[in-house]
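Take a look at the structure set out below.
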Amino acid sequence: MDTGADHLVERRVTRQVHVGSVAIGGGAPVSVQSMTTTKTADVEGTLAQIYELAAAGADLVRCTCNEAAAAEGLAQIVPRSPVPVIADIHFHVEMALAALDAGVQGLRLNPGNLRKEEEIKLVAREAKDRGVPIRIGVNAGSLHPALYERFGGATPEALVESARMELAYFQEVDFDDVKISVKASSVPVMIAAYRLASATFDHPLHLGVTEAGPPPAGLLKGTAGIGTLLAEGIGDTIRYSLTADPAEEARAGRQLLEALGLRERRDLDLIACPSCGRAEVDVIAVATEAQHALEGRGLPLQVAVMGCVVNGPGEARHADLGIAAGKRKGHLFIRGKIVRVVPEGEMVAALVEEAERLVAEGVEARLAAADAGAERAAAEDREALLAARGDDANQASVRIERIRNRLNP
Ligand code: SF4
Numbered sequence: 000m001d002t003g004a005d006h007l008v009e010r011r012v013t014r015q016v017h018v019g020s021v022a023i024g025g026g027a028p029v030s031v032q033s034m035t036t037t038k039t040a041d042v043e044g045t046l047a048q049i050y051e052l053a054a055a056g057a058d059l060v061r062c063t064c065n066e067a068a069a070a071e072g073l074a075q076i077v078p079r080s081p082v083p084v085i086a087d088i089h090f091h092v093e094m095a096l097a098a099l100d101a102g103v104q105g106l107r108l109n110p111g112n113l114r115k116e117e118e119i120k121l122v123a124r125e126a127k128d129r130g131v132p133i134r135i136g137v138n139a140g141s142l143h144p145a146l147y148e149r150f151g152g153a154t155p156e157a158l159v160e161s162a163r164m165e166l167a168y169f170q171e172v173d174f175d176d177v178k179i180s181v182k183a184s185s186v187p188v189m190i191a192a193y194r195l196a197s198a199t200f201d202h203p204l205h206l207g208v209t210e211a212g213p214p215p216a217g218l219l220k221g222t223a224g225i226g227t228l229l230a231e232g233i234g235d236t237i238r239y240s241l242t243a244d245p246a247e248e249a250r251a252g253r254q255l256l257e258a259l260g261l262r263e264r265r266d267l268d269l270i271a272c273p274s275c276g277r278a279e280v281d282v283i284a285v286a287t288e289a290q291h292a293l294e295g296r297g298l299p300l301q302v303a304v305m306g307c308v309v310n311g312p313g314e315a316r317h318a319d320l321g322i323a324a325g326k327r328k329g330h331l332f333i334r335g336k337i338v339r340v341v342p343e344g345e346m347v348a349a350l351v352e353e354a355e356r357l358v359a360e361g362v363e364a365r366l367a368a369a370d371a372g373a374e375r376a377a378a379e380d381r382e383a384l385l386a387a388r389g390d391d392a393n394q395a396s397v398r399i400e401r402i403r404n405r406l407n408p
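Mapping the sequence shown onto numbering that gives the first Met the number 0, position 234 (from 1) lands on 233, and the numbers just tick up by one.
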């Protein structure tokens, strides 16, 4: 007899959408999302938090796009983010369009906030032109008042109807690149709403218990709601909404998926930058080589492979160890501090050697053993690269100009 003890019920098959490089639904691994808490206009602070979230387990990160400065920030963040970036649009259609100008890989629209049919269709058309998926993010707390009245409250049926109406607008302009969420802060309401959504739509579902509050109660609510649905085979991407450091959300999401056997357990956690206009090496090739060289050695480390020494060590300062490319050199860093500079051809070998020593000797000892001239050599390389490529290697200024023209014509 199959007791189901070693596996969950078969996952419900949904259609697949792609948020940048991350597939959602259609048999793809369930992905983890979290949301930054920095001001999106603070490019360096937001990127540092995105790296922290990625290291904690986030496959996707959402940033708020609530003002012109946030949209301009996104134009600079997206090319340097290690994971796809989704913009959360609040009330203004211009912000959705500006986020698309900025190059985000996904949008989240709340039908309770953006209500005008023409505006919803305009965003859908623009997203379609750029191949950007949209999440219809229904939230019990901001349900459209007409639906609230019609259904006598934010019931599961009302939440699903809100998503259905938004989807109908999208489909009128032939846009179907959609994920759906029907969140509530009540766990029973949320579970019932997602079960109904799963029976109604074949689009991938983003699971979450909204406003769950601080841990431990927030974690328990999130786990009760998300875990129940996942165990029933429902859900394609998840987010814990905690009143806490968002890295806790990402960690909890990842741990829940691992506990349910929906994602593999990690020992080595290799992260790599996306490689932007600043990259000095083929990041994918170096990251692949590093993954092969490091895995299977039982090294419980987060290791970062970064395309340039201009931003790499700072962006990945939460990683235990990393390597950033300079001018035909590799800059080895521990927790953001440069400890050694090696020829480009020795980058991966140096990474493996340092990883072994880091695990054997500890962070303090390895920082104390840093080469005396390493920080200075990195500073020289940084300056040389900035002089050679300028401070806008990703041509974010072109996108920012487009955003400014849109918002202040
Ligand atoms: S090349 Fe440099 S700036 Fe670009 S994403 Fe990689 S580390 Fe960041």
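Cβ atoms here follow ideal geometry from the backbone N, Cα and C, with glycine treated the same way.
Whether residue i touches residue j by CB criterion (8 Å)
i, j, result
"I233", "L204", "yes"
"A192", "V159", "yes"
"A196", "A153", "no"
"L385", "V309", "yes"
"K182", "N138", "yes"
"L259", "T222", "no"
"V208", "V186", "yes"
"P110", "C275", "no"
"P214", "A243", "yes"
"L218", "A251", "yes"
"I333", "V362", "yes"
"A157", "S184", "no"
"E314", "A40", "no"
"A373", "I337", "yes"
"D87", "R114", "no"
"M34", "P245", "yes"
"E231", "V8", "yes"
"K127", "F200", "no"
"D268", "G297", "no"
"G344", "D380", "no"
"D58", "V21", "yes"
"V42", "I76", "yes"
"R398", "H202", "no"
Rounded C-alpha distance that separates residue i from residue j
i, j, result
"D1", "E248", "Below a pLDDT of 50, predicted positions are generally treated as unreliable, and D1, at 48, falls in that range; the measurement from the model is reported next regardless. Cα to Cα, the separation comes out at about 34 Å."
"P273", "Q394", "16 Å"
"R149", "H143", "10 Å"
"L206", "D235", "8 Å"
"R339", "P299", "21 Å"
"L406", "E93", "7 Å"
"T227", "V18", "25 Å"
"D390", "S396", "10 Å"
"A376", "V341", "11 Å"
"L96", "A278", "29 Å"
"V12", "A198", "11 Å"
"L261", "A383", "46 Å"
"L121", "I190", "32 Å"
"L366", "A359", "13 Å"
"D319", "A354", "9 Å"
"L146", "V188", "16 Å"
"K38", "H89", "15 Å"
"E98", "A271", "Residue identity check: residue 98 is Ala in the sequence provided, not Glu. The alpha-carbon atoms of A98 and A271 are separated by roughly 24 Å."
"S180", "R10", "17 Å"
"A364", "T287", "28 Å"
"A371", "R316", "20 Å"
"R129", "V282", "26 Å"
"L241", "G140", "16 Å"
"V280", "N112", "44 Å"
"I133", "L357", "43 Å"
Unbroken beta strand (DSSP E) run spanning residue i, endpoints
i, result
"L320", "320-324"
"T63", "59-64"
"R339", "336-342"
"R356", "Counting along the chain, R356 falls outside any beta strand (DSSP E), though it belongs to the alpha helix (DSSP H) covering 346-360."
"I179", "177-182"
"D87", "84-88"
Start and end residues, alpha helix (DSSP H) containing residue i
i, result
"K220", "216-221"
"L228", "227-230"
"H17", "Unbroken run through H17 is the beta strand (DSSP E), 16-18; no alpha helix (DSSP H)."
"K120", "116-129"
"H291", "282-293"
"D266", "D266 -> no alpha helix (DSSP H), and no H or E assigned at all."
Any non-hydrogen atom of the ligand ZN closer than 7 Å to residue i Cβ
i, result
"R388", "The model on display carries the ligand SF4 but not the ligand ZN."
Check your understanding: Below 8 Å, can you find three or more Cβ-Cβ pairs linking the region 77-88 to the region 99-111?
Key -> Yes, since at least three Cβ pairs between the region 77-88 and the region 99-111 fall closer than 8 Å, the two stretches touch.
Review point. Counting pairs of Cβ atoms below 8 Å between the region 46-63 and the region 164-178, do you hit three or more?
Key: Here the region 46-63 does not lie against the region 164-178, with fewer than 3 beta-carbon pairs under 8 Å apart.
Check your understanding: Under a criterion of Cβ closer than 5 Å to any non-hydrogen atom of the ligand SF4, which residues qualify, in chain order?
Key -> The set of residues with CB atoms less than 5 Å from any heavy atom of the ligand SF4 reads, in chain order, R79, C272, C275, R277, A278, M305, G306, C307, N310, G311.
Exercise for review: Report yes or no: do three or more beta-carbon pairs, one from the region 348-355 and one from the region 326-335, lie closer than 8 Å?
Suggested key: yes
Check your understanding: Within the chosen definition, does the region 391-405 reach the region 64-73 through at least 3 CB pairs nearer than 8 Å?
Key -> yes
Point to revise | the region 16-34 / the region 89-102 touching (three or more Cβ pairs under 8 Å) | key: no
Review point. Would you call the region 333-348 and the region 284-297 touching, i.e. three or more CB-CB distances under 8 Å?
Key: yes
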